[in-house]
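Visitor:
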Amino acid sequence: MMNGQISCDVIEYYLLEEEQECQFLGLLALTKIDHSIHYREPCRDSILLGASWMFEIMFGNTNRKYDEFWMERHVFINLCNLVKQQGWLQDSCYIRLDEQIGMLI
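For the sequence shown, UniProt numbering gives the first residue as 1, with consecutive numbering after it.
#1: Between which two residues does the alpha helix (DSSP H) containing residue 98 stretch?
#2: Quick one: Cα of residue 76 to Cα of residue 34, how far?
#3: What's the C-alpha gap between residue 62 and residue 72?
#4: Kindly give me the distance between the Cβ atoms of residue 69 and residue 102, rounded to whole angstroms, as I take these residues to be in contact under 8 angstroms.
#5: Which of the three DSSP states, helix, strand or coil, is assigned to residue 56?
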């Protein structure tokens, strides 16, 4: 009989602990949501333009390349080469081919 009582107490303890864990995770999620609503941080705040901006994107953080162009660096370079080979676009007097494709994407 004593073993049955102990196991029930242990089960109740773990159930309470699990409930508290769920409450904690819920509170953590609400805090994260509140923070994202009230404390916005700019993500595209570069002051660079044109060729400098492209250089920053292409040789900077890998996540930024994917965020801007939705493709990896080598895929973007292959796309630029394909467009140039097919004659669909070319460098102009003021804007390079990769900048043109970057603006298009």
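Beta carbons: idealized from backbone N, C-alpha and C, even for Gly.
Guide: Inspection of the coordinates gives the following:
#1: If you number the sequence shown from 1, residue 98 lands on position 98. Start and end: 97–104.
#2: Against the sequence shown, residue 76 aligns to sequence position 76. Against the sequence shown, residue 34 aligns to sequence position 34. When rounded, the distance between both Cα atoms is 37 angstroms.
#3: Along the sequence shown, one-based indexing puts residue 62 at 62. Along the sequence shown, one-based indexing puts residue 72 at 72. The alpha-carbon atoms of residue 62 and residue 72 are separated by roughly 8 angstroms.
#4: The sequence position of residue 69 within the sequence shown is 69, counting from 1. The sequence position of residue 102 within the sequence shown is 102, counting from 1. Residue 69 to residue 102, Cβ: 7 angstroms. Contact.
#5: To locate residue 56, count along the sequence shown from 1; it is residue 56. It is helical.
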